[in-house]
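Using UniProt numbering, read the sequence shown as starting at 1 and increasing by one per residue.
Just so you know, even glycine gets a beta-carbon here, dropped at the ideal spot from N, CA and C.
Keep in mind that this is a model prediction, so the values were computed, not measured.
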Amino acid sequence: MESTTSNSLPTWASGAAGLRSVLACFLEVVFFWQLKLHRWWTKKSPRDILLESLAEARLFEEWEAAAFQLDECLGYDLWRQNPTSKYYDYRLIYERLQAIYEVRDEDDILGLVSLLRSGLVRNLGNITAPRLFNRAYAGTKLLIEDYITQLALAVDHVTTYPVTTTSGLTNQTKLNVIHDTRQAFGRSALVLQGGAIFGLCHLGVVKALHLRGLLPRIIAGTATGALIAALVGVHTEDELLDFLKGSSINLTAFTKSGKKEGEPTTKHTGWWQTLVRRVKRFIREGYFLDVSVLEQVVRANVGDITFQEAYFKTKRVLNITVSTDGSSGVPNLLNYLTAPNVLIWSAALASNASSTTTLYHPVTLFCKDDAGDIIPWQPASETTFRPWTHASYSDTRESPLHRIAELFNVNHFIVSQARPYLAPFLRSDLHHPNPTRPSHIYNMSLPLLRLIVMEIQHRLHQLNDLGILPPSIRRFLLDENIPGASLTLVPELSPSDFFRLLENPTPEALDKWILRGERSVWPAVGALKVRCAVEVELDRGYQVIRRRKPYEVDVGGSTGMPYSSHLSCGLDKEITPHPKHLNHQTFLTTQCTPGWPFPSLYTLALSAPSKPKQVHTPPHQTHGVAR
Numbered sequence: 001m002e003s004t005t006s007n008s009l010p011t012w013a014s015g016a017a018g019l020r021s022v023l024a025c026f027l028e029v030v031f032f033w034q035l036k037l038h039r040w041w042t043k044k045s046p047r048d049i050l051l052e053s054l055a056e057a058r059l060f061e062e063w064e065a066a067a068f069q070l071d072e073c074l075g076y077d078l079w080r081q082n083p084t085s086k087y088y089d090y091r092l093i094y095e096r097l098q099a100i101y102e103v104r105d106e107d108d109i110l111g112l113v114s115l116l117r118s119g120l121v122r123n124l125g126n127i128t129a130p131r132l133f134n135r136a137y138a139g140t141k142l143l144i145e146d147y148i149t150q151l152a153l154a155v156d157h158v159t160t161y162p163v164t165t166t167s168g169l170t171n172q173t174k175l176n177v178i179h180d181t182r183q184a185f186g187r188s189a190l191v192l193q194g195g196a197i198f199g200l201c202h203l204g205v206v207k208a209l210h211l212r213g214l215l216p217r218i219i220a221g222t223a224t225g226a227l228i229a230a231l232v233g234v235h236t237e238d239e240l241l242d243f244l245k246g247s248s249i250n251l252t253a254f255t256k257s258g259k260k261e262g263e264p265t266t267k268h269t270g271w272w273q274t275l276v277r278r279v280k281r282f283i284r285e286g287y288f289l290d291v292s293v294l295e296q297v298v299r300a301n302v303g304d305i306t307f308q309e310a311y312f313k314t315k316r317v318l319n320i321t322v323s324t325d326g327s328s329g330v331p332n333l334l335n336y337l338t339a340p341n342v343l344i345w346s347a348a349l350a351s352n353a354s355s356t357t358t359l360y361h362p363v364t365l366f367c368k369d370d371a372g373d374i375i376p377w378q379p380a381s382e383t384t385f386r387p388w389t390h391a392s393y394s395d396t397r398e399s400p401l402h403r404i405a406e407l408f409n410v411n412h413f414i415v416s417q418a419r420p421y422l423a424p425f426l427r428s429d430l431h432h433p434n435p436t437r438p439s440h441i442y443n444m445s446l447p448l449l450r451l452i453v454m455e456i457q458h459r460l461h462q463l464n465d466l467g468i469l470p471p472s473i474r475r476f477l478l479d480e481n482i483p484g485a486s487l488t489l490v491p492e493l494s495p496s497d498f499f500r501l502l503e504n505p506t507p508e509a510l511d512k513w514i515l516r517g518e519r520s521v522w523p524a525v526g527a528l529k530v531r532c533a534v535e536v537e538l539d540r541g542y543q544v545i546r547r548r549k550p551y552e553v554d555v556g557g558s559t560g561m562p563y564s565s566h567l568s569c570g571l572d573k574e575i576t577p578h579p580k581h582l583n584h585q586t587f588l589t590t591q592c593t594p595g596w597p598f599p600s601l602y603t604l605a606l607s608a609p610s611k612p613k614q615v616h617t618p619p620h621q622t623h624g625v626a627r
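What follows is the structure, given as structure tokens:
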């Protein structure tokens, strides 16, 4: 009995050891596959990695490189190569592009002039439709980009074409052509709207547009936007880039203000005191920041310069909107035409008038007299400036933006919207500045949210038409009617950013706001090039030709200019000689294979007998080119 028991013990021990080995092996296999599953589940796809690169880019070149790679990853590069789309008239654009090639090949300068005059329209064939710019990240249809590039090259060709006795084109004729074409094409204006401390994003918007060569010469600002517009409107092209660095802006007034208010005993009590003080100021005045401190900041960075002096120095048209009681006759739009001798800093302060300043410390506009002395502006001596939320225009044609359109032939507005209560609801039709932030639930709920906001705005407009809605609520909740085509740029704002309303601006924080403003522009660069590249080249050509003698002849000049030309109109690339390789019909007949998306659609579209083929005759014989 004892021997049997002693023999079973080793057997049981060996069985237990084997069981432990099997269990250990099983657990090892489980842990292995668990780790593999976890890595597979948490592994980022190439798309997610590229989206993160877009969101974390600090330079436009980094963002653009990631955008090109993302388009290749998602197949959007093929969408760009395929010219067909129901959202624009690709036939018309293709024919216009071929007509430009023909007159350039024949060196027919008069035909090129006639072609430019006959159909230079910003939205020809609906090429600025937002749906053409919300799919691919790096741009839109290559046909549209090629067309805009060749238009800008054509304007540059006319500008630089040598004036000879046989060309039939004098400098005076060039000036007339460019001036008339520029007038017919229209101009763009940058509108900076409010935003409290979020208005510092406007500096980033200006910087991004300036670096891409797309900054309009006409700038308008309201409230905080007026302060930023004043800072930008007094600097030349060479000074602007250095000024837009956060360290170059004088913010000592905020530091002195913080010391004057005293250091808090603890961090929490100081935060609470700041919150209570600024909430009271917002309820009483409508502003979180002290207006007197803003005045010191603007005066320190702008100086005592008038609208006219700023225009002569920079050639930029600075516009500042103000709100008055309407009985004094003072214009609600101040610029070098309506108020040439008014000091810019005083106009910016009037645009930021609050309820308290209206009652106890009225804003005074200052100007320079003939001797250069600073005195109060007499036309506004009895004017009471009111907060911008109290602005009321019985006729929409009296609004400042309509006035800008009338004075400067503006038909296109680039709106930088930084108002914190409107920014979450004004997402552009273009790509989000931070494409990794929104979740799938957010993307699905965004159309519903927009529908709710549009319904609320519709009801508010109805109340406004009935005269029930108070002016302050109307201006606070309803965006201003824009008299023309527009593109809205909205910076990315998170809930944590609203706590920054309690902070004074610092150079470090300013750099962050500037970068955030730049990121709001980058997804819209492709759309802005299509809208503004030709306009910028027309403006550059006009400034070049007007400095020449009217009937000066280029002795020994050639009869034409080569295709290679580097433009300053935001195209940012060299154009290779003779762009016939961009012929989209050749591309479709040689590159369309069964595996390529949409091969038959464009082939059938080109071969469809919708209208007879037109024979392009020399434009100087027909006084125009048929489209």
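Scanning Ala196, Leu209, Thr236 for the CA closest to the CA of Gly225 turns up Ala196.
Taken through DSSP and simplified to helix, strand or coil, Ser114 comes out as helix. Between Leu240 and His210, the CB-CB gap stays under 9 Å. Asp180 is the residue among Tyr137, Asn176, Asp180, Pro162 whose C-alpha sits nearest the C-alpha of Gly119. Nearest Cα to Leu487 within the set Leu70, Ile404, Glu28, Leu528: Leu528. The Cβ neighbour count for Phe307, taken over all protein chains shown within 10 Å, is at least 16; the residue is labelled buried. Burial is judged here by how many other beta carbons sit within 10 angstroms of a residue's own beta carbon; Asp71 has at least 16 and is buried. Runs of the beta strand (DSSP E) spanning 3 or more residues and lying entirely within the stretch 293-342 occur at 317-321, in chain order. Excluding its 5 nearest sequence neighbours in each direction, Ser381 has no C-beta neighbour in its own chain below 7 Å. The stretch 140-153 makes contact with the stretch 77-92, as at least three CB pairs between them are under 8 Å. By the neighbour-count criterion, in which a residue is buried when 16 or more other Cβ atoms sit within 10 angstroms of its Cβ, Glu406 is exposed. For Val490, no alpha helix (DSSP H) run applies, since DSSP gives it neither H nor E. No Cβ-Cβ contact shorter than 9 Å links Arg299 with Phe60. Going by DSSP, Lys368 is part of the beta strand (DSSP E) stretching over 366-368.
Judged by their CB atoms, Arg217 and Val317 are nearer to each other than the 9 Å cut-off. Between the beta-carbon of Gln150 and that of Leu97 there is about 6 Å, and that keeps the pair under the 8 Å contact cut. Contact annotation: Leu214 and Cys532 have beta-carbon atoms nearer than 9 Å. In the DSSP annotation of this structure, Thr164 is not part of any alpha helix (DSSP H), being labelled neither H nor E. Between the stretch 447-455 and the stretch 512-523 there are fewer than three C-beta pairs closer than 8 Å, too few to call the two in contact. In chain order, Gly125 place their CB closer than 6 Å to the CB of Asp89, counting only its own chain and leaving out the 5 sequence neighbours on each side. Here the alpha carbons of Ile49 and Trp345 stand approximately 46 Å from one another. Taking all protein chains shown into account, Cys25 has fewer than 16 neighbouring C-beta atoms within 10 Å of its C-beta and is therefore exposed. 9 Å or more divides the Cβ of Gln193 from the Cβ of Thr164.
DSSP places Pro505 in no beta strand (DSSP E); its state is neither H nor E. Annotation: Arg548 is outside any beta strand (DSSP E) and is labelled neither H nor E by DSSP.
Secondary structure remark: continuous alpha helix (DSSP H) runs of at least 4 residues inside the stretch 39-88, in chain order: 46-56, 60-74, 76-81. According to the DSSP secondary-structure assignment, Pro376 is paired through a beta bridge with Phe366.
A direct Cα-Cα distance of roughly 25 Å separates Leu112 from His412. In the DSSP assignment, Asn171 falls within the alpha helix (DSSP H) that extends over 171-185.
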